[in-house]
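First up is the structure itself, then whatever we jot down about it.
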Amino acid sequence: MARPDIDALFGALADPTRRSLLDKLSREGPATATQLASAYPVTRQAVVKHLSALADAGLLHPQRDGREVQYSVQPAQLDEAAAWLASVGARWDQRLDALQRHLRKE
Amino acid sequence: MVEREVVLPVEVGELWEALTEPEVVAEWFGGEVEWDLTDGGRMHVREPDGGHRDGVVESVTAGEHLRFRWWPSDDVTSVSEVTYVVQPEGAGSSRLTVMERPLVPGAATAVRACAGDHRWSALDDVLFRAWARTYASRSVGFA
Numbered sequence: 001m002a003r004p005d006i007d008a009l010f011g012a013l014a015d016p017t018r019r020s021l022l023d024k025l026s027r028e029g030p031a032t033a034t035q036l037a038s039a040y041p042v043t044r045q046a047v048v049k050h051l052s053a054l055a056d057a058g059l060l061h062p063q064r065d066g067r068e069v070q071y072s073v074q075p076a077q078l079d080e081a082a083a084w085l086a087s088v089g090a091r092w093d094q095r096l097d098a099l100q101r102h103l104r105k106e
Numbered sequence: 107m108v109e110r111e112v113v114l115p116v117e118v119g120e121l122w123e124a125l126t127e128p129e130v131v132a133e134w135f136g137g138e139v140e141w142d143l144t145d146g147g148r149m150h151v152r153e154p155d156g157g158h159r160d161g162v163v164e165s166v167t168a169g170e171h172l173r174f175r176w177w178p179s180d181d182v183t184s185v186s187e188v189t190y191v192v193q194p195e196g197a198g199s200s201r202l203t204v205m206e207r208p209l210v211p212g213a214a215t216a217v218r219a220c221a222g223d224h225r226w227s228a229l230d231d232v233l234f235r236a237w238a239r240t241y242a243s244r245s246v247g248f249a
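Chains Y and C, in that order, give the protein sequences.
Under our numbering, think of the first position of the first sequence as 1, with each following residue one higher.
Under our numbering, think of the first position of the second sequence as 107, with each following residue one higher.
Below, the structure written as structure tokens:
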């Protein structure tokens, strides 16, 4: 599909374990669920679920490597989320500045 | 996902008026807003930069909170949900919290706007997703 599903994107980013996995993969490079599971106090199965959610949101690229799947970060999607946050945040800053100036004048 | 909080030197009533009364909004916003402030009411915003937005009021409690979904008139797939919460903050001041979060691309919004029924339900969200997957790249205009 032409535009990324920004809802799935933010949904995937809403979970702290998923954010941590994403952070780890972007710092340390591609890894498999088994490699990642050793660093988390959850089952490998739970890690696989989180990785799938991140991949569904387009944040990770899964690549089969023998019997395992290796996940790597797709930064373009994060840029999309960051761009949305930056532009929407800047608009509210402007609007609230204007509101503040208006109410203080009175 | 975007959240801003500001304390303003006016009572809740005056803040609410500044946020919701079109004539008062026009005094500070630099654009215009027209809305039917009832659950499911339609809204239209002309932004200071000339951009237009359409929307639907989701829920409103006068003097407390307002929640609406809106989207650029030329891109109904970029829907987001905005919430205003106003609270008293000591004598003569009030606190405004604004939140905006992105929603799935805007199919059901367009369909409902055309049909003249703007109420939202969980089913809309499901329809929304299904439609968006198929038609996300197609822009939908409605009068």
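Note that beta-carbon positions come from the ideal geometry of N, C-alpha and C, so glycine has one too.
Treat the numbers as computed from the prediction; the structure is a model and nothing was measured.
CB contact flag (residue i, residue j, <9 Å)
{"i": "C:VAL139", "j": "C:HIS171", "result": "no"}
{"i": "C:ARG175", "j": "C:TYR190", "result": "no"}
{"i": "C:ARG148", "j": "C:GLY137", "result": "no"}
{"i": "C:ARG201", "j": "C:GLU109", "result": "no"}
{"i": "Y:ALA110", "j": "Y:HIS61", "result": "Residue 110 of chain Y cannot be examined here, being either before or after the span of chain Y that is shown, 1 to 106."}
Residue burial classification, residue i (beta-carbon count within 10 angstroms, cutoff 16)
{"i": "C:SER165", "result": "exposed"}
{"i": "C:ALA238", "result": "Any answer about C:ALA238 is weak, because its pLDDT of 45 lies below 50 and its placement is not dependable; what the coordinates show is given next. That one is buried."}
{"i": "C:THR167", "result": "exposed"}
{"i": "C:THR144", "result": "exposed"}
{"i": "C:HIS158", "result": "exposed"}
{"i": "Y:PRO75", "result": "exposed"}
{"i": "Y:ARG18", "result": "buried"}
{"i": "Y:ASP23", "result": "exposed"}
Cross-chain neighbours of residue i in chain Y, by beta carbon under 9 Å
{"i": "C:ALA124", "result": "LEU99, HIS102, LEU103"}
{"i": "C:GLU133", "result": "HIS102"}
Beta-ladder partner(s) of residue i, from DSSP
{"i": "C:SER165", "result": "C:ARG173"}
{"i": "C:THR189", "result": "C:ARG173, C:MET205"}
{"i": "C:HIS150", "result": "C:GLU140, C:ASP160"}
Contact list for residue i against chain C, beta-carbon separation under 8 Å
{"i": "Y:LEU96", "result": "ARG110, VAL112, LEU202, VAL204"}
Within chain Y, the residues that residue i reaches when beta carbons sit closer than 7 Å
{"i": "C:VAL116", "result": "LEU103"}
{"i": "C:GLY136", "result": "ALA98"}
Residue i: contacting residues in chain Y (beta-carbon distance under 8 Å)
{"i": "C:GLY196", "result": "Those within 8 Å of C:GLY196 in chain Y number zero; the least Cβ separation is about 15 Å."}
Inter-residue CB distance, residue i and residue j (contact presumed, cutoff 8 Å)
{"i": "C:VAL118", "j": "C:PRO194", "result": "5 Å"}
Neighbouring residues, chain C, relative to residue i (Cβ below 9 Å)
{"i": "Y:GLY58", "result": "Here the premise fails: no neighbours, minimum Cβ distance about 13 Å."}
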